[in-house]
Ligand code: HXC
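Written out as structure tokens, the structure reads:
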């Protein structure tokens, strides 16, 4: 008594067909590309992948497709473990009809995402597709509707990570856009709504792909992608590193790695990196480097709006999202792009229980006609909304400038923060001393015998009175004034004590964040 040998041979034959044509696999390798299955194997722990829907076939009527076999309908889906933690995986197979999305392909994607919501698994979706399967017409468009809807249902429930590993054209780009993080691979991929031919036909403009569709263009200009990868393997490493900072779903805490006891040492080096001269910009990266645990800094959207730094870190083992103004770029002003970048990051951290540490050194919102016409009011309001909407622990360190509306926006105590520390170099004021002196002493300056000397004197007087943290401390709008050397342990101590924070807000259908 044993199963018939032919049945096992038939299963093996079918499996080989599903695994893909060897010549096509070699052609991909020759181009330095991984296959859809290799991407999954490279991501998940060895032997942990449980595929579902491998035997699904296509549903194309006509076009000679009756005789065609499209293994898995062009997409590999299933469950796996990454560093021992479950994930739900989708990987489009370009070797099968260009990874084009037919109705069954879409159904597999949507089912995988809906199961991820039920299981509380992060979703990793690897995109490599010619888009809607042209031969399936409107049914493939309907399939995209199911995919987008699943992305939206998963939003804020489980982290969603998109890899752009090949073409990602037309409406297909909206699934990655609805996800939380996009990683795009250099050279081999592009992402756009309208390609060069369509742009040329509609507008007459020459629009080479490298100006708008590549990883570099999206990372630095459009802001659509969060990470640029050198190749497939690099992209998989980025996904794993990102997952190492995230909880699997919104019911969990992020993977803190508590140390047995807090290290409460002072870091005198932090005092050294603060320039003596207020006009010399501080490099926010140097502060971050000293604040976070060694090797535990993972920057997000590094090349976009570099005046605002965002990233994940561990501080004394606790996962935190860090936002920092970067005075070395645009003087650290908050402009439209920096607003969008900050608000997106804050919203993600809040959705997934990740405490936020804000490092403030901000002279204001960016002045300029283009900014006003471009809607800095609307975009800046996103930052206000995102911070004030937070229920996660919020710790803010005011390092130097904290002027006007930008001070309020960047995690001030009255807007949102639980704890606000200020360095003695903090200048918490409505505006800088020079600007203030010009306005409030207009008449005195006009009548002065030596207006320049009078201006310097009045500006210095204003600076002495207001450009320091003590007015704010006296008014109880900051928690404490600390030396830079105390920053790491004070922040770590605050995070530890805030981890039990629970906030109940009135229920509502949805808030209305400015868009
Ligand atoms: C059906 C497709 C396909 C598609 C590619 N293929 N895209 N089949 N529908 N959308 C098939 C090809 O026929 C070919 O099949 C195989 O995939 C590989 O394609 P090639 O063209 O040989 O490969 P390559 O030269 O690398 O070019 C890749 C490509 C190109 C840039 C993606 O195929 C292309 O431009 N495809 C069309 C892209 C597009 O316009 N898609 C529709 C977007 S609109 P064989 O059998 O020869 O191997 C859209 C709407 C979504 O997606 C809306 C959502 C709301």
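Numbering (this note's numbering), first residue to last: 96 to 610.
Beta carbons are placed, not taken as given, at the ideal position from N, Cα and C, and that holds for glycine.
Only a predicted model underlies this, so the values are computations on that prediction, with no experimental measurement involved.
Beta-carbon proximity check, residue i vs residue j, cutoff 7 Å
i, j, result
"residue 570", "residue 528", "no"
"residue 499", "residue 459", "yes"
"residue 194", "residue 172", "no"
"residue 231", "residue 265", "no"
"residue 382", "residue 402", "no"
"residue 589", "residue 514", "yes"
"residue 520", "residue 558", "no"
"residue 450", "residue 415", "yes"
"residue 165", "residue 191", "yes"
"residue 218", "residue 204", "no"
"residue 482", "residue 575", "no"
"residue 447", "residue 342", "yes"
"residue 221", "residue 123", "no"
"residue 276", "residue 321", "yes"
For residue i, the three-state DSSP class (helix, strand or coil)
i, result
"residue 600", "coil"
"residue 434", "helix"
"residue 96", "coil"
"residue 145", "strand"
"residue 285", "strand"
"residue 128", "coil"
"residue 450", "coil"
"residue 291", "helix"
"residue 322", "strand"
"residue 577", "coil"
"residue 207", "helix"
"residue 399", "coil"
"residue 365", "helix"
"residue 353", "coil"
"residue 215", "coil"
Buried versus exposed, by CB contacts within 10 Å (16 or more), residue i
i, result
"residue 358", "exposed"
"residue 605", "exposed"
"residue 182", "buried"
"residue 168", "buried"
"residue 611", "There is simply no residue 611 to check, as the chain begins at 96 and stops at 610 in what is shown."
"residue 151", "buried"
"residue 456", "buried"
"residue 130", "buried"
"residue 346", "exposed"
"residue 153", "buried"
"residue 435", "buried"
"residue 162", "exposed"
"residue 522", "buried"
"residue 542", "exposed"
"residue 224", "buried"
"residue 284", "buried"
Cutoff 8 Å; reference residue i; Cβ partners in own chain excluding five residues on either side
i, result
"residue 246", "208, 255, 270, 273, 274"
"residue 539", "549, 553"
"residue 480", "438, 606, 608, 609"
"residue 160", "153, 230"
Residues of its chain near residue i, where Cβ-Cβ distance is below 6 Å and the 5 sequence neighbours each way are ignored
i, result
"residue 512", "489, 491, 506"
"residue 596", "488"
Chain-order list of residues whose beta-carbon lies under 7 Å from that of residue i (same chain, five-residue window excluded)
i, result
"residue 386", "410, 582, 583, 586"
So within the segment 464–540, which uninterrupted beta strand (DSSP E) runs reach at least 3 residues, ignoring any that extend past its ends?
Within the segment 464–540, the complete beta strand (DSSP E) runs of at least 3 residues are 489–498, 514–517, 522–524.
Go through the segment 130–196 residue by residue and report every complete run of the alpha helix (DSSP H) that reaches 4 residues or more, in order.
Restricting attention to alpha helix (DSSP H) runs no shorter than 4 residues, the segment 130–196 encloses them at 131–138, ordered along the chain.
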